[in-house]
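Undergrad: Take a look at this one; I'll ask things after.
Protein chains in written order, with the working numbering: chain A, 1 to 285; chain B, 1001 to 1268.
As structure tokens, this is what we get:
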């Protein structure tokens, strides 16, 4: 291949880079600048170089608890999602042909569904006049209707639905690289299914589980619509606080500072999990 | 003695059934509730009719939102293809490790929609273009959606470009075709399947997104999922189920169309 050809190929990157710079880089810089401005009572912002928004995010109890709640719900969701995605990926991995294709379509289907449709669907299932409570009541299994909407359980149910297909895909990719006869060998040598699962399969799939966990954690930290619409009123995430400051209170500087903190938190979590993995890796050989 | 392995296998099967139920339930119940004749969402459903579909298609606000969604999604698909196809081609031609530029192009994918939404609103909102304000325009929403759709498209396209049969491309070059002509005349037709699936990805990403759109639209440019999000608390009628079903069906039919195209292209 001539030097001229590869040089002209480099130019093909230019539109994408230019677009990302103008629509992503520039607005992020403005956002960063905005976070140091001040919010007057009778307007949106006045130019300033002040740290008061960051002080507000990191010291006011309401904002601090939003940060804490965001991390908490993302952690719970990531654990639940990875566990469920793993069990289902393992189920698919052990199957072949047409059944496998159908199961794959089932696991990846939620990718096509908008978060808002997931919310609307669960809001018909979970309340006391919803499908779940009614069907248990009508079949005589329970004698009082119950409400699950507005609980942490509901929030996790909805949030897991959204990151599940991505986790499933990551884990299945790792499982596909594992030799299935290892499991049979372990069983033939007398290990119980439990022992085979924990001592053979899980260690082999460790890398995939870690990256699926990071994906789910980081992804969920950025979601607030589901948490807000299905979870309890007290569960106040950073994302929702950004929407409130931006659209209802019109406090752009504080909304910007919250956004900067959210991005930093996400980067910290992603780098933290990565560092943990690499520190542990040599010890296990 | 009970065989432990069989207990395990049955427990696993039970879990898979529950999982399938979990995946199908939200959309399944939406599809049923959309045909309810009742005034509110409740069980048991008292009767079935097309009443709420009638209301949906007679309401200019819902119809307008659906039309806006379609326009924004088409624009996003076109824009992200125009940017991602050349970029993925250039990235695939490079040898060696993953270049820094590729990482830069993928970063927006890891930034939450709420952050992208307010950043674009604050950073580009007060610019005027085409004789009107950029803020509230479908073009700006499509630009924001392209921040996710383009890196997604690049991740779909790059591996396909890498497995491309280089000898065909080089033959065209040796025969005197210009690099641009080689690209559009030889490379793109060879990779049409990958390009179509990446375009579908972009379309669906945009169709379903509503947090960025929430910060960038006005009442006139509102998309369907934004209107759904804003009506969530105020409406208890099966109307929401109809609108949600319309949204989901548009994504599914986009995939269906892609599949039909693929089958027809293969037969030829």
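Ideal Cβ positions, reconstructed from N, Cα and C, are used throughout, including at glycine.
Flag residue 137 of chain A as yes if its beta-carbon sits less than 7 angstroms from any beta-carbon of chain B, otherwise no.
TA: no
Undergrad: What runs of the alpha helix (DSSP H), each 4 residues or longer, lie entirely inside the stretch 212-246 of chain A?
TA: 225-230, 238-243
Undergrad: Going by DSSP, what residues sit across from residue 1036 of chain B in a beta bridge?
TA: B:1048
Undergrad: Can you check the stretch 1221-1268 of chain B for any alpha helix (DSSP H) of at least 4 residues that lies completely inside it and give the ranges in chain order?
TA: 1224-1231, 1239-1267
Undergrad: From the beta carbon of residue 1033 of chain B, is the nearest beta carbon of chain A less than 7 angstroms away?
TA: yes
Undergrad: Flag this pair as yes or no: are the beta carbons of residue 194 of chain A and residue 66 of chain A separated by less than 7 angstroms?
TA: no
Undergrad: Compile a chain-ordered list of the residues in the stretch 1108-1135 of chain B whose CB is closer than 7 angstroms to at least one CB of chain A.
TA: 1108, 1110, 1111, 1112, 1113, 1114, 1115, 1118, 1119, 1120, 1122, 1123, 1124
Undergrad: Output, in chain order, the set of chain A residues within a Cβ distance shorter than 8 angstroms of residue 1263 of chain B.
TA: Ordered by position in chain A, no residue passes the 8 angstroms Cβ test against residue 1263 of chain B, which lies about 15 angstroms from the chain.
Undergrad: Which residue's Cα is closest to the Cα of residue 173 of chain A: A:99, A:104, A:24?
TA: A:104
Undergrad: For residue 1049 of chain B, count the other beta carbons within 10 Å of its own beta carbon; 16 or more makes it buried, fewer makes it exposed. Which is it?
TA: Per the 10 Å Cβ criterion, exposed.
Undergrad: Tell me whether residue 39 of chain A is buried or exposed, calling it buried when 16 or more other Cβ atoms sit within 10 Å of its Cβ.
TA: buried
Undergrad: Beta carbon of residue 160 of chain A, beta carbon of residue 80 of chain A: below 7 angstroms?
TA: yes
Undergrad: Use the C-beta contact count for residue 286 of chain A: other C-beta atoms within 10 angstroms, 16 or more gives buried, fewer gives exposed.
TA: Outside the displayed range of chain A (1 to 285) lies residue 286 of chain A, so it cannot be described from this structure.
Undergrad: Using a Cβ-Cβ cut-off of less than 8 angstroms, give me the residues of the stretch 213-236 of chain A that come near chain B, in sequence order.
TA: 218, 221, 222, 223, 224, 225, 229
Undergrad: Quick one: what does DSSP say residue 46 of chain A is sitting in, helix, strand or coil?
TA: strand
Undergrad: Tell me the start and end of each unbroken alpha helix (DSSP H) in the stretch 98-147 of chain A that is at least 4 residues and wholly inside, in chain order.
TA: 115-125, 131-138
Undergrad: Assign residue 2 of chain A to one of two classes, buried (16 or more other C-beta atoms within 10 Å of its C-beta) or exposed (fewer than that).
TA: The predicted position of residue 2 of chain A is uncertain, since its pLDDT is 46 and thus under 50; a value taken from the coordinates is nonetheless stated next. Residue 2 of chain A comes out exposed.
Undergrad: Suppose the cutoff is 7 angstroms on Cβ atoms and the five residues either side in sequence are ignored; what does the same chain contact list for residue 1000 of chain B look like?
TA: Residue 1000 of chain B lies beyond the residue range present for chain B, which begins at 1001 and ends at 1268; the question has no answer from this structure.
Undergrad: Does the Cβ of residue 53 of chain A have 16 or more other Cβ atoms within 10 Å, making it buried, or fewer, making it exposed?
TA: buried
Undergrad: How many Å lie between residue 1146 of chain B and residue 20 of chain A at the Cα?
TA: For residue 1146 of chain B and residue 20 of chain A, the distance between alpha carbons rounds to 9 angstroms.
Undergrad: Pull the bridge partners of residue 96 of chain A from the DSSP assignment, please.
TA: Looking at the DSSP output, residue 96 of chain A shares a beta bridge with no other residue.
Undergrad: Does the beta carbon of residue 184 of chain A come closer than 7 angstroms to any beta carbon on chain B?
TA: False, the Cβ-Cβ gap to chain B never drops below 7 angstroms.
Undergrad: May I have the straight-line CA-CA distance separating residue 1033 of chain B from residue 175 of chain A, to the nearest angstrom?
TA: 38 angstroms
Undergrad: Do we get a CB-CB distance below 7 angstroms when we pair residue 24 of chain A with the residues of chain B?
TA: yes
Undergrad: Determine the contact status of residue 1138 of chain B and residue 1072 of chain B, defining contact as a CB-CB distance below 7 angstroms.
TA: yes
Undergrad: Are the Cβ atoms of residue 1244 of chain B and residue 117 of chain A separated by less than 7 angstroms?
TA: A contact, by the Cβ cut-off of 7 angstroms.
Undergrad: If we ignore side chains and look at the alpha-carbon of each, how far apart do residue 1001 of chain B and residue 135 of chain A end up?
TA: Low per-residue confidence applies at residue 1001 of chain B: pLDDT is 49, beneath 50, and the placement is therefore not dependable enough to give any value.
Undergrad: Please list the terminal residues of the continuous alpha helix (DSSP H) segment that includes residue 1121 of chain B.
TA: Per DSSP, residue 1121 of chain B belongs to the alpha helix (DSSP H) from 1113-1124.
Undergrad: Pairs of beta-carbons, one from the stretch 222-230 of chain A and one from the stretch 1082-1092 of chain B, closer than 8 angstroms: are there three or more?
TA: no
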